[in-house]
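Peer 1: Numbering (the working numbering), first residue to last: 1194 to 1416.
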């Protein structure tokens, strides 16, 4: 059974209650054949003549009726669990008329998140900044999965695609919650719309003090 949980639940941990219809066997009127087995029996064919043969032998058991019952199952989502990880619930699986029910395996599945992407114990997020922020610096906060604020600041030029690492701001490690992964922040730069007049163009050229620079290359190969 798949259990879809949020990234917030995998970060902090949670208990999830699941209501499921479970097939169970209950006693009903009458009897039935059960515990059937093959046994060797001896038949006398005549004076001094005997034959060994197999015969099915069954017991009489109370009759059982298969019914559906509503069952509340509490599942613990532990901090740091990964997508695809399973939990086993003994005797919560399919019913068997002549034995104990099977086990139920619950597989953790992660719902897509609007802000963060998880890879292992690391988290990834993209942040869009203005061209002014990219050139002169900025300070901001990113709300984390448990509500605490991650402080992000730059006082240098930030180019499109630049990546900042925040150690210890990733997901908790499942085996040791005291260890946490890294938060990777990738910056996208939003350019202003509209046109610049000639005076503004000249001012920008004077400030940047750069000559025109163009280059054609195979971006897919990183040349």
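Where is the CB? At the ideal position from N, CA and C, for every residue including glycine. Remember, it's a predicted structure, so these values are computed and weren't measured experimentally.
Locate the beta strand (DSSP E) running through residue 1323, then write down its first and last residues.
Peer 2: If you number the chain shown from 1, residue 1323 lands on position 130. Counting along the chain, the beta strand (DSSP E) containing residue 1323 begins and ends at 1315-1323.
Peer 1: Residues in the same chain with beta-carbon distance under 7 Å from residue 1349, minus the five sequence neighbours each way, listed in chain order, please.
Peer 2: Mapped onto the chain shown, residue 1349 falls at position 156. The residues are 1330.
Peer 1: By the three-class DSSP mapping on this structure, what secondary structure does residue 1349 have?
Peer 2: For the purposes of this step, residue 1349 is taken as residue 156 along the chain shown, with counting starting at 1. Coil at residue 1349, not helix or strand.
Peer 1: Would you check if the distance between the CB atom of residue 1209 and the CB atom of residue 1268 is smaller than 7 Å?
Peer 2: On the chain shown, position 16 is the one that residue 1209 refers to. On the chain shown, position 75 is the one that residue 1268 refers to. Closer than 7 Å, so yes.
Peer 1: Is residue 1380 buried or exposed, if buried means 16 or more other CB atoms sit within 10 Å of its CB?
Peer 2: Numbered from its first residue, the chain shown carries residue 1380 at position 187. Buried: at least 16 other Cβ atoms inside 10 Å.
Peer 1: Name the DSSP beta bridge partners of residue 1268, please?
Peer 2: Within the chain shown, the letter at position 75 stands for residue 1268. DSSP lists 1209 as partners of residue 1268.
Peer 1: Identify, in the order they occur along the chain, each residue of the same chain with its Cβ nearer than 6 Å to the Cβ of residue 1226, setting aside the five sequence neighbours on each side.
Peer 2: As a working mapping, residue 1226 is identified with position 33 in the chain shown. Cβ within range, chain order: 1251.
Peer 1: Note down the Cα distance separating residue 1299 from residue 1265, rounded to an integer number of angstroms.
Peer 2: Counting from one through the chain shown, the residue named residue 1299 turns up at place 106. Counting from one through the chain shown, the residue named residue 1265 turns up at place 72. One C-alpha to the other measures close to 14 Å.
Peer 1: Tell me which residue opens and which closes the beta strand (DSSP E) that residue 1401 is part of.
Peer 2: As a working mapping, residue 1401 is identified with position 208 in the chain shown. Looking at the DSSP string, residue 1401 is not in any beta strand (DSSP E); the run it does join, the alpha helix (DSSP H), is 1391-1401.
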